[in-house]
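Working notes, structure below.
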Amino acid sequence: MSWLAAFLLVLAAQSIFAASARAAAPATSAAAVDCVSSVGPGIAPPPSVPSGIPGFHAAWYGQSGYPTLCPGERSTATVAYYNSGSRGWVRGRMGEVAYLGTWEPDPGQDRASPLGGDGTQGSPATGWPRYNRVSLQPADYVGPAQVAWFQFTVIAPQLPGTYRLSIRPLVEGAQWMEDYGVFWLVTVSGSAPAGAIAPLPAKWPSQSLEIGATDAPRGAVALRASAPFGFRYQYLTGGANTGRGWTSWAADAQFPRDYIRESATSGITPVFSYYMIRGSTPGNSLGESDGDITNLANVTTMTAYYADLKLFFQRAGSTGTTTIAHIEPDLWGYLESRFGDDAANAPARVASTGLAELAGLPENAAGYAQAVVKLRDAYAPNVLLAYALSYWGTRVDPLYQKPTDTQIDALAARSAAFYGSLHATFDLSFAEFSDRDAAFKLYQKGDTHAWWYPDDFARNVRYLAKFSTLTQKRIVLWQIPLGNTRMRAMNNTWEHYQDNKVEWLFDDPGRANLSAYVRAGVVGFLFGRGADGATCACDAAGDGVTNPAPIGANVRDSLSADDDGGFFKERAAAYYAAGATGLP
Numbered sequence: 008m009s010w011l012a013a014f015l016l017v018l019a020a021q022s023i024f025a026a027s028a029r030a031a032a033p034a035t036s037a038a039a040v041d042c043v044s045s046v047g048p049g050i051a052p053p054p055s056v057p058s059g060i061p062g063f064h065a066a067w068y069g070q071s072g073y074p075t076l077c078p079g080e081r082s083t084a085t086v087a088y089y090n091s092g093s094r095g096w097v098r099g100r101m102g103e104v105a106y107l108g109t110w111e112p113d114p115g116q117d118r119a120s121p122l123g124g125d126g127t128q129g130s131p132a133t134g135w136p137r138y139n140r141v142s143l144q145p146a147d148y149v150g151p152a153q154v155a156w157f158q159f160t161v162i163a164p165q166l167p168g169t170y171r172l173s174i175r176p177l178v179e180g181a182q183w184m185e186d187y188g189v190f191w192l193v194t195v196s197g198s199a200p201a202g203a204i205a206p207l208p209a210k211w212p213s214q215s216l217e218i219g220a221t222d223a224p225r226g227a228v229a230l231r232a233s234a235p236f237g238f239r240y241q242y243l244t245g246g247a248n249t250g251r252g253w254t255s256w257a258a259d260a261q262f263p264r265d266y267i268r269e270s271a272t273s274g275i276t277p278v279f280s281y282y283m284i285r286g287s288t289p290g291n292s293l294g295e296s297d298g299d300i301t302n303l304a305n306v307t308t309m310t311a312y313y314a315d316l317k318l319f320f321q322r323a324g325s326t327g328t329t330t331i332a333h334i335e336p337d338l339w340g341y342l343e344s345r346f347g348d349d350a351a352n353a354p355a356r357v358a359s360t361g362l363a364e365l366a367g368l369p370e371n372a373a374g375y376a377q378a379v380v381k382l383r384d385a386y387a388p389n390v391l392l393a394y395a396l397s398y399w400g401t402r403v404d405p406l407y408q409k410p411t412d413t414q415i416d417a418l419a420a421r422s423a424a425f426y427g428s429l430h431a432t433f434d435l436s437f438a439e440f441s442d443r444d445a446a447f448k449l450y451q452k453g454d455t456h457a458w459w460y461p462d463d464f465a466r467n468v469r470y471l472a473k474f475s476t477l478t479q480k481r482i483v484l485w486q487i488p489l490g491n492t493r494m495r496a497m498n499n500t501w502e503h504y505q506d507n508k509v510e511w512l513f514d515d516p517g518r519a520n521l522s523a524y525v526r527a528g529v530v531g532f533l534f535g536r537g538a539d540g541a542t543c544a545c546d547a548a549g550d551g552v553t554n555p556a557p558i559g560a561n562v563r564d565s566l567s568a569d570d571d572g573g574f575f576k577e578r579a580a581a582y583y584a585a586g587a588t589g590l591p
């Protein structure tokens, strides 16, 4: 068959596909009223393909176009593979029959997909041979130099977004054949069903998914010049009763006001991670968990703490500018881990501090959370409060313990139950991947399990989606490592450690990975290191532009003196240049 004939068949299949997609739209669906399905152009086969390779082999040979569907709509897709091997594919004979299987990265090798399946393992029933076998060879025999036109049905999930199905041919019982990086993109348009996704917080500054980065004072202009970032963030630390806290960083404790004004002038929303319990006495002489819990139960410490928090809200409130306050990262995880899923079990000094605004609040961690909300309401209604979700608060860390989907759902429900036990209404939740690059953890801590793989991201998305749905809070992922595996600067030395979060999220041309997080309720990604020596999107090493010998696939020359080789800012600029992803 000539490539032109093959292409015409692709177009014919495309026409059938488009018609079936329109016919499948449910006439009574509310989504159908607001949604119009369509399909992109088919993709022609390459001008030449290999042939006669000994054994089982396959070469991609064209496919129908990517569809835009309404929620719940079904359609048929077609992809062609040329038998480039010396052996034929025989239907019904194990060790010789050809299938298309699910592949990396989405949903992963032999994993179920939300786009289709046989109704098992959580997959929808769309007529696939199995949940992880997308299509069976259509003819009884496909000989060498012949083309097989595989067809399969996909269904649009209920939540808007872009979904990807990666596929790879295999001979069942024998081997996987060549991986040409073939995937299917399904765009689901329309509005999310009521209650399926949390509403955006009141006063939320954007209708698109935004990127942010840690940024020191007087850095807003340069940050904004590198890319139109939506957020910049700064820790407030030092302890509430040490004389070294944020109140000493500027005259009359005006540091928050100055940072907010600088951010607003550059069109960036400011974010503060209010991290003051850890540095306060007497707990700052103890380990992190013991120190936080000791301070929370100390009336003298908490009296100073609430005064400090009140002053922060007064300074931030005086600006009238929308600001995000991320309250005490890690604290909530330590409390849940120590006291269980009910915050009332954790002692805290609240009303006993004598602060008038806190009169009558319970003397436990729930009362502490309620105190935070009361002070914000009184002094800074322009400030959005962010709860800090720590997955490990359940004493099960999904990255290291690899729970099943059912277990992930149960763990997320426990995290949501702990948040609910606070009886305090935060505006959103922050969460994290890790505060250090995976290679930093390997070389500095001996952690051989810190690298994230597709299954880890899938578990993370599932956890966040469940938590967001149960709490009805949108999520910002924060303090995301900045390492990459692309640039020569990333040679796994101090300040130049590799990681893959930037690539997973913002070096994915189809944005399928990003869309998965958006569908899970994520509204922003804030990047920044959490320890000295981890990779910075700045020249923290002071070594200028560096291009050491590659240690793997990191073959690109550095774009700037930034320790990551300039990759993060390049990807952020490209994301915004292509158009920021809208939020459902």
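Take 8 as the starting number for the sequence shown in my numbering and just add one per residue. Idealized CB from N, CA, C, for every residue including glycine.
Output needed for residue i: all residues of its chain with C-beta closer than 6 Å, excluding positions within five of it in sequence on either side, in chain order.
i	result
His333	Ser280, Ala393, Phe437
Thr221	Tyr240, Gly535
Gly134	Thr160
Met309	Arg356, Thr360
Leu435	Pro208, Ala393, Lys480, Arg481
Ala579	Ile218, Ala234
Gly286	Thr244, Gly245, Gly246
Taking residue i as the reference, give the member of the options with the closest Cα.
i	options	result
His503	Trp511, Thr254, Asn491	Asn491
Val56	Glu111, Ala351, Ala66	Ala66
Lys480	Ala395, Ala560, Glu370, Gly134	Ala395
Asn352	Thr360, Gly168, Glu343	Glu343
Lys508	Asn498, Ser441, Phe425	Ser441
Ala223	Lys210, Leu243, Asn498	Leu243
Leu594	Pro151, Phe346, Trp459, Leu484	Summary: the structure shown does not reach residue 594, with the chain confined to residues 8 through 591, and so no result is reported for it.
Thr169	Tyr524, Val552, His430	Tyr524
Gly250	Pro212, Tyr312, Ser273	Tyr312
Gly150	Gly573, Met101, Val97	Val97
Ala584	Val154, Leu107, Ser233	Ser233
Gln158	Pro145, Phe346, Leu166	Pro145
Pro369	Ala420, Leu429, Arg402, Phe425	Leu429
Asp147	Ala227, Ala423, Ala547, Arg100	Arg100
Cys42	Asn248, Pro167, Leu521	Pro167
Ser475	Gly95, Leu143, Ile204, Thr83	Ile204
Ala84	Gly108, Pro114, Trp156	Trp156
Ala423	Gly340, Met184, Gly47	Gly340
Residues in its own chain within less than 7 Å of residue i by CB, not counting five upstream and five downstream?
i	result
Ser650	Outside the displayed range of the chain (8 to 591) lies residue 650, so it cannot be described from this structure.
Phe238	Glu217, Gly219, Ile275, Thr276, Val278, Gly531, Leu533
Ala32	Here Ala32 scores only 38 on pLDDT, less than 50, and its place in the model is too uncertain to base an answer on.
Ala163	Leu76, Cys77, Pro78, Gly79, Glu80, Val193, Val195
Val562	Arg495
Pro112	Ser173, Pro461
Grab the span of the alpha helix (DSSP H) containing residue i for me, first residue to last.
i	result
Arg322	306-324
Pro405	405-408
Thr478	461-478
Tyr583	574-585
Ser270	262-272
Ala417	412-427
Thr301	295-303
Leu449	445-452
Which residues mark the beginning and the end of the beta strand (DSSP E) in which residue i is found?
i	result
Asn90	81-90
Ala395	390-395
Gln70	65-70
Trp191	190-195
Pro167	Run containing Pro167: none; DSSP gives neither H nor E here.
Pro74	74-76
Gly108	105-109
Phe279	276-281
Glu439	435-439
Leu484	482-487
Give a yes or no on whether the minimum CB-CB distance between residue i and chain D is below 9 Å.
i	result
Pro516	Although the question refers to chain D, the structure presented lacks it and comprises just one protein chain.
Enumerate in chain order the residues of its own chain whose CB-to-CB distance from residue i is below 8 Å, with the five nearest sequence positions on each side excluded.
i	result
Ala229	none
Tyr450	Asn499, Tyr504
Three or more C-beta pairs under 8 Å: does that hold for the segment 188-198 against the segment 62-77?
yes
Check whether the segment 459-469 touches the segment 403-414, counting contact only when three or more Cβ pairs, one atom from each stretch, lie closer than 8 Å.
yes
At what residue ranges does the segment 130-163 contain a whole run of the beta strand (DSSP E), taking only runs of 3 or more?
140-143, 154-162
3-residue-minimum beta strand (DSSP E) runs that sit fully inside the segment 330-381, ordered along the chain
330-334
Which full runs of the beta strand (DSSP E) of 3+ residues lie inside the segment 170-252, going along the chain?
190-195, 217-221, 238-243
Should the segment 133-141 be regarded as contacting the segment 115-122, the criterion being three or more beta carbon pairs within less than 8 Å?
yes
Quick test of the definition: if touching needs 3 or more C-beta pairs under 8 Å, does the segment 289-309 touch the segment 230-237?
no
If we count Cβ pairs, one from each stretch, closer than 8 Å, do we get three or more for the segment 163-181 versus the segment 349-365?
no
Whole beta strand (DSSP E) elements within the segment 506-541, 3-residue minimum:
529-534
Should the segment 316-329 be called in touch with the segment 298-307, which here means at least 3 C-beta pairs below 8 Å?
no
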